[in-house]
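Protein chains in written order, with the UniProt record's numbering: chain A, 1 to 163; chain B, 1 to 163.
Number of protein chains: 2
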Amino acid sequence: MTTTATATKQFMSTEQLLEHWQGHRNLTRRVIEAFPEKELFEFSVGGMRPFAKLALELIGIGGPALKGIVDGTTEAYNEEAFNPKTKEEILKKWDEETGVINHYFGQISEERFQETFNLFGEYEFPVYQNILYFVDNEIHHRGQGYTYLRALGIEPPFFWERF
Amino acid sequence: MTTTATATKQFMSTEQLLEHWQGHRNLTRRVIEAFPEKELFEFSVGGMRPFAKLALELIGIGGPALKGIVDGTTEAYNEEAFNPKTKEEILKKWDEETGVINHYFGQISEERFQETFNLFGEYEFPVYQNILYFVDNEIHHRGQGYTYLRALGIEPPFFWERF
Chain A
1 MTTTATATKQ
11 FMSTEQLLEH
21 WQGHRNLTRR
31 VIEAFPEKEL
41 FEFSVGGMRP
51 FAKLALELIG
61 IGGPALKGIV
71 DGTTEAYNEE
81 AFNPKTKEEI
91 LKKWDEETGV
101 INHYFGQISE
111 ERFQETFNLF
121 GEYEFPVYQN
131 ILYFVDNEIH
141 HRGQGYTYLR
151 ALGIEPPFFW
161 ERF
Chain B
1 MTTTATATKQ
11 FMSTEQLLEH
21 WQGHRNLTRR
31 VIEAFPEKEL
41 FEFSVGGMRP
51 FAKLALELIG
61 IGGPALKGIV
71 DGTTEAYNEE
81 AFNPKTKEEI
91 LKKWDEETGV
101 INHYFGQISE
111 ERFQETFNLF
121 GEYEFPVYQN
131 ILYFVDNEIH
141 HRGQGYTYLR
151 ALGIEPPFFW
161 ERF
């Protein structure tokens, strides 16, 4: 592991990033809730994955990735580990992962965020960049989810409501 | 203006945030380019705005918002200031704004990121949260753009290609 950048002026603290991420996770939870049960698992646009699949991708990244970073393990990403059949199961797991994320995130030191790590044995970047990617990927897929909801004639939650 | 948070452990530096944001802007530029001229201005899903409109929203935020933060002005957000008729005009303005963003971002001090500011006379948040919102909003709308492209049968650029 090497330090890739010299920390100069701080943009935000680790606590602020975590609060920001969990705010986004609250919004994504609302988007999951907004889908009717059947459409959550089946509806999509342009041959893309239904929103349940996208939510499972997000569940498979956040907590497991942070655990890997903290434990220093490079086990491969595994989306198949959790295979729910209902919206309720997804939401329950989503809420469990909230605690998992808080638990592992709090164990990452300031220096560690600047060190490179081979996440899932595949994505070798500074830890802060990997974590930004988790958040960005969630916003990106949720943007797809908003489009699915609109195509279904359903009003999505307000983008700025996070808590 | 008041300081809203105590900076403790640094998550990322200001330079890292700027690089991250400009990487996203490069990707959004590629998404604009991927649309055929007509569809850029006319195509949408579920009654949402065409991608040209979303791109104009983004152009209306980044540079003008940073200028407002630096100059301390609370002029209202104005999307109508720029009304292009072609993809080329949008891309040209997009590239101009890259320099505007770099210029103003570099003038914000570490302390300032933690101060609240009434952006566009309407959004009163710490500066770092306002800036995160610009990036998030771009990723969100670009996620819609990806869905439009897929619905048009066009392969979007890779999400992870930023430079």
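Where is the CB? At the ideal position from N, CA and C, for every residue including glycine.
This one's a predicted model, so the numbers in the text were calculated from it and none came from an experiment.
query: Presumed contact (8 Å Cβ cut-off) between Q22/B and G143/A, rounded CB distance; result: Not really, about 20 Å apart at Cβ, beyond 8 Å.
query: 8 Å Cβ cutoff, F11/B in contact with chain A; result: yes
query: Stretch-stretch touch, CB-based, cutoff 8 Å, three pairs: the segment 154-161 of chain B with the segment 24-31 of chain B; result: yes
query: F43/B to P84/A span [Cα, whole Å]; result: 35 Å
query: Members of the segment 119-130 of chain A that neighbour chain B once the beta carbon cut-off is set at 7 Å; result: Y128
query: Within 8 Å, strictly: CB atoms of N26/A and R162/A; result: yes
query: Rounded Cβ spacing between Q107/A and V70/A (contact assumed at less than 8 Å); result: 5 Å
query: Beta-bridge partners of Q10/A, as assigned by DSSP; result: S13/B
query: T73/B, buried or exposed, once every other Cβ within 10 Å from all chains shown has been counted against 16; result: exposed
query: Buried or exposed by the 16-neighbour rule on C-beta atoms within 10 Å, applied to H103/B; result: exposed
query: is_contact[Q144/A, chain B] using C-beta, thresh 8 Å; result: yes
query: Chain A within 8 Å of Q20/B, Cβ atoms only; result: Inspection of the sequence shows that residue 20/B is occupied by His rather than by Gln. Closer than 8 Å: yes.
query: Contact the segment 54-66 of chain B vs the segment 126-134 of chain B: 3+ CB pairs below 8 Å; result: yes
query: Proximal residues of chain B, C-beta to C-beta of D136/A below 9 Å; result: H20, H24, V135, D136, I139 and F159
query: Helix, strand or coil at P64/B according to DSSP, with G and I counted as helix; result: helix
query: Beta carbon proximity, V70/A to chain B, threshold 8 Å; result: no
query: E124/A: CB within 7 Å of a non-hydrogen atom of the ligand PLP; result: The ligand PLP is not among the ligands present in this structure, which contains no ligands whatsoever.
query: Y123/B - partner residues in DSSP beta bridges; result: L119/B
query: Collapsed DSSP secondary structure at Q107/B in the structure displayed; result: coil
query: Listed by chain order, chain B residues near F113/A by CB distance under 9 Å; result: K9, Q10, F11 and M12
query: Simplified DSSP state of residue 164/A, which is helix, strand or coil; result: Because chain A in this structure spans residues 1 to 163, residue 164/A falls outside the shown range and cannot be described.
query: Neighbouring residues, chain A, relative to V45/B (Cβ below 8 Å); result: V45, T147, R150 and A151
query: Contact set for M1/A: own chain, Cβ-Cβ below 8 Å, skip 5 residues either direction; result: In this prediction, M1/A scores a pLDDT of 44, lower than 50, which makes its location untrustworthy; no coordinate-derived value is stated.
query: 6 Å Cβ shell around K87/B - same chain, five flanking residues per side excluded; result: E37 and L40
query: Other residues of its chain near L18/B: CB distance less than 6 Å, five sequence neighbours each side excluded; result: F105
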